[in-house]
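Residue 177 in the UniProt record's numbering sits at position 177 of the sequence shown, with consecutive numbering throughout. Quick reminder that beta carbons are idealized off the backbone N, C-alpha and C, glycines included. Predicted model, so just to flag it, every value in this text is computed and none were measured.
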Amino acid sequence: MNERGRVTESMTRADVVTEMNEVADLLWQRCGLAPGDRAVLVYPPGLDFVRGLVGCLAAGVLPVPIYPPDPINPQNSIEGFQRVVADCGAKVVLTSRRYTGARWLGAAKSFVAGSSVDWPSDLPWQVTSRGIGSRRTRGFDSSPRTAHEWAPSRDTPALLQYTSGSTSDPKGVVITHGNLAHQFELNRRLLGLGLETRGVFWLPPYHDFGLISVILSTLTGNSELTMMSPLSFIQRPALWFDVMNRVRATHTAAPNFAYDLAVHKTTTEQRAQWDLSSLKVVMSAAEPVREETKRRFLEAFAVTGLRPEAFCPAYGLAEHTVAVTIFGRSTLRVDRHQLEMERRAVPADGADSQVLVSCGELTGDVDVRIVDPELCVGLSDGQVGEIWVDSPSKAAGYWGSPDESRATFAARLTGMNDGHSYLRTGDLGFLHDGELYVCGRVKDLLIVAGRNIHPQDVEDTLRNCHRAIRPGGSRPSPSMPVTPKRSRSSWRCEPTLHEQSCRAWSRRCGRSS
Numbered sequence: 001m002n003e004r005g006r007v008t009e010s011m012t013r014a015d016v017v018t019e020m021n022e023v024a025d026l027l028w029q030r031c032g033l034a035p036g037d038r039a040v041l042v043y044p045p046g047l048d049f050v051r052g053l054v055g056c057l058a059a060g061v062l063p064v065p066i067y068p069p070d071p072i073n074p075q076n077s078i079e080g081f082q083r084v085v086a087d088c089g090a091k092v093v094l095t096s097r098r099y100t101g102a103r104w105l106g107a108a109k110s111f112v113a114g115s116s117v118d119w120p121s122d123l124p125w126q127v128t129s130r131g132i133g134s135r136r137t138r139g140f141d142s143s144p145r146t147a148h149e150w151a152p153s154r155d156t157p158a159l160l161q162y163t164s165g166s167t168s169d170p171k172g173v174v175i176t177h178g179n180l181a182h183q184f185e186l187n188r189r190l191l192g193l194g195l196e197t198r199g200v201f202w203l204p205p206y207h208d209f210g211l212i213s214v215i216l217s218t219l220t221g222n223s224e225l226t227m228m229s230p231l232s233f234i235q236r237p238a239l240w241f242d243v244m245n246r247v248r249a250t251h252t253a254a255p256n257f258a259y260d261l262a263v264h265k266t267t268t269e270q271r272a273q274w275d276l277s278s279l280k281v282v283m284s285a286a287e288p289v290r291e292e293t294k295r296r297f298l299e300a301f302a303v304t305g306l307r308p309e310a311f312c313p314a315y316g317l318a319e320h321t322v323a324v325t326i327f328g329r330s331t332l333r334v335d336r337h338q339l340e341m342e343r344r345a346v347p348a349d350g351a352d353s354q355v356l357v358s359c360g361e362l363t364g365d366v367d368v369r370i371v372d373p374e375l376c377v378g379l380s381d382g383q384v385g386e387i388w389v390d391s392p393s394k395a396a397g398y399w400g401s402p403d404e405s406r407a408t409f410a411a412r413l414t415g416m417n418d419g420h421s422y423l424r425t426g427d428l429g430f431l432h433d434g435e436l437y438v439c440g441r442v443k444d445l446l447i448v449a450g451r452n453i454h455p456q457d458v459e460d461t462l463r464n465c466h467r468a469i470r471p472g473g474s475r476p477s478p479s480m481p482v483t484p485k486r487s488r489s490s491w492r493c494e495p496t497l498h499e500q501s502c503r504a505w506s507r508r509c510g511r512s513s
C-alpha cells in the first residue's frame, strides 16, 4: 500500500511461485550464478523485494538484504554498502526499476555538480521487477531449470543477515534452511499463523524482524500479508490503524517507539472510528519493551476494542535467526537498588522500584540460560547475567569470521563437558517464574559509583523531563571524555526544562547537581 492507504500492487500465492521460478531462472542463466553465490538486495520496501528474496532462495543464491543507499544523494550511505559488498563477496546486486531510475537521476545530478559517487564499478546490477523475467522476452532455453532441481539440506546456508550497526565492521550472520524451518514452526505454533491470518506490517524488509518474522513466516504460513513503507507510517501513524481496521487484521508488530508514536499522533476521535477487536497479536520487539508504553497504548486504544492480551512483547536477535521468546504476559516490579548494586531482581513496591516487562515464556525447544559473562557459570532465577541461547534457530556463525564465530556461537559453561554449546547474545537479563526479562546490553552497561545503570533508564528519565522531547526524537551527543576513576555529571538546562528532573537523575547517579 502507498502512503494514502491504496493498494498499488498485489501478488497471489500462485504469482509468488511463478515469479520465484522466473527470478531463479534469471539468476542461473542471465547472471550465471550458482548455489552459494551472494546477491545483495537493494530495494525500497515493496513486492519487488519479495520477488528478489524468494527467487534467490529458490536458486540457492544467498540473498543479502541491506538498507538501500539513498539513490539521489548516496554520499552518506555508500560506504556501508561498499563494506557489505566487499565482506560478502557479492556477485550481483538485485534491485527494482524504480530504484534504478532514481540511481540514474542521482548519477546525473552528481555529474552536473562535478562530483562522483564510488558505486562498485565491477558489480553488475540486475532488475527483477514484475515482467522482467518473462521467458518470451529473455530468449532462455525452452526447458530452463526450475527450483525443484535444487534441494538444500537443513545445514545449507539460506541467507546472510547483516546485523544492526554492522556497516563500519560488517558481520553477516549465516542463516541456514534449518534455522528458517525452526523459526517458521515456532511462529506458527506460538503466534497461530495460518490460513485465517491477516497481517498488516510496515517493518523494514531488510531487518530480521521484518524479513523473517513477517515476510517469510507469513508466506510459509499461507497467510494474507499487507505491507506498507516505514516512511508511510512515520509520516502518518494513523494509516497503520486505518488499514488494520479496513482489512480486519489479526496480526501486527512494531518496535516500542511506534506504540508511543501511535498514542501521541492519533486523536481520540480517530480511535473511536477504528475497530481493532480482530487483532490477536500486537507484537512489540526489536527495542526494549517499556511498561509505561504498553500501559499508555492499551489505555488509549481500549476504545477500539483492542484486547490487552493481544499485546505481545518478544525478544530476539539476528544471531538466533530472530525470535527467542514470544508473548510476555507479565510485568514485575523490582527493587531498583538491588538491581543496580547487586544485579539481582528482587520483587518490591515503593518509590525506589521500577517495573520490567517480560519478553516471553521459555519454550521446550529453545534453551535459555542466564550466565555470569566473565566466569561462564550459570546463575539462578532473579540474578542478572548474560543471556545464552541454544536451539535449532541458532545461526551457523558469522560470514568469513571463524574465530569470532567460535567465541560467539560455541560458548560453553564452565565445568560442563557434555559438548553442549550456546550463543552468547551480549544481552543482559534474568529469569523469573519461567519468563525472560531483558535489562540491556553487556557492552552498554554504565557503572557509576558502583551502580549498574542501563542506558535505556537514562533515556526514560530524560525523555520525561519536558514535553518538547518527543519519543524517538533525541539522541546522545558526547561532550567530554569518560575517565575510569572519576566521572562528573553536568546539566545545561534551558529555563523551560524541568531542572528538578535533571537534578533527580544526577542525584540517582550519586553526583551533585
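Residue range of the unbroken alpha helix (DSSP H) whose run includes residue i
i	result
R290	Here R290 belongs to no alpha helix (DSSP H), and DSSP marks it neither H nor E.
S405	402 to 409
T304	T304 -> no alpha helix (DSSP H), and no H or E assigned at all.
I78	78 to 88
L24	Correcting the residue identity first, residue 24 is Ala in this sequence and not Leu. Per DSSP, A24 belongs to the alpha helix (DSSP H) from 13 to 25.
H432	No alpha helix (DSSP H) contains H432, which is instead part of the beta strand (DSSP E) from 423 to 432.
A258	256 to 265
P230	230 to 235
V346	It is not in any alpha helix (DSSP H) - V346 carries neither H nor E in the DSSP assignment.
Q270	268 to 273
Q183	177 to 191
S217	217 to 220
L47	47 to 59
Residue i and residue j closer than 8 Å at C-beta
i	j	result
L225	F233	no
D367	V384	no
V303	R271	yes
G46	M20	no
A58	L33	no
P157	A396	yes
R276	M228	Looking at the sequence itself, residue 276 is Leu, so the reference to Arg does not match. No; because the gap between Cβ atoms is not below 8 Å, this pair is not in contact.
D122	I78	no
D208	A285	no
R198	T268	no
I370	L379	yes
P237	L261	yes
Y398	V173	yes
Y43	S96	yes
K91	D37	yes
V281	L211	no
L431	D381	yes
P120	V85	yes
A254	L203	yes
V377	T414	yes
M1	T12	no
Residue environment, residue i, which counts as buried when at least 16 other CB atoms sit within 10 Å
i	result
P313	buried
K443	exposed
L231	exposed
P124	exposed
A323	buried
Q161	buried
A351	exposed
E22	buried
V214	buried
E340	buried
A258	buried
L362	exposed
Start-to-end residues for the beta strand (DSSP E) that takes in residue i
i	result
I370	367 to 371
R441	435 to 441
residue 519	Because the chain is modelled from 1 through 513, residue 519 falls outside the range shown and cannot be assessed.
A314	311 to 316
Beta-carbon contacts of residue i that lie in its chain and below 7 Å, excluding the five residues immediately before and after
i	result
L193	N187, S217, T218, G221, S223
P347	L332, R333, V334
D349	R333
Contacting residues, own chain, Cβ-Cβ under 6 Å from residue i (five flanking each side not counted)
i	result
L94	A39, L41, G52, Q126, T128
Y206	P65, I66, Y67
S393	N179, H182, Q183, H320, T321
L159	L62, P63, I175
D87	P170
T408	R424
Residues of its chain near residue i, where Cβ-Cβ distance is below 8 Å and the 5 sequence neighbours each way are ignored
i	result
S401	K171
M416	none
G311	Checking the displayed sequence, the identity of residue 311 turns out to be Phe instead of Gly. Excluding positions up to five away in sequence, the list reads V282, S284, K294, F297, L298.
L306	L276, S277, L279, V282, L298
*Answer yes if the stretch 318 to 329 comes into contact with the stretch 433 to 440, meaning at least three C-beta pairs across the two stretches below 8 Å, and no otherwise.*
yes
*Does the stretch 96 to 108 come close enough to the stretch 69 to 76 that 3 or more CB-CB pairs lie under 8 Å?*
yes
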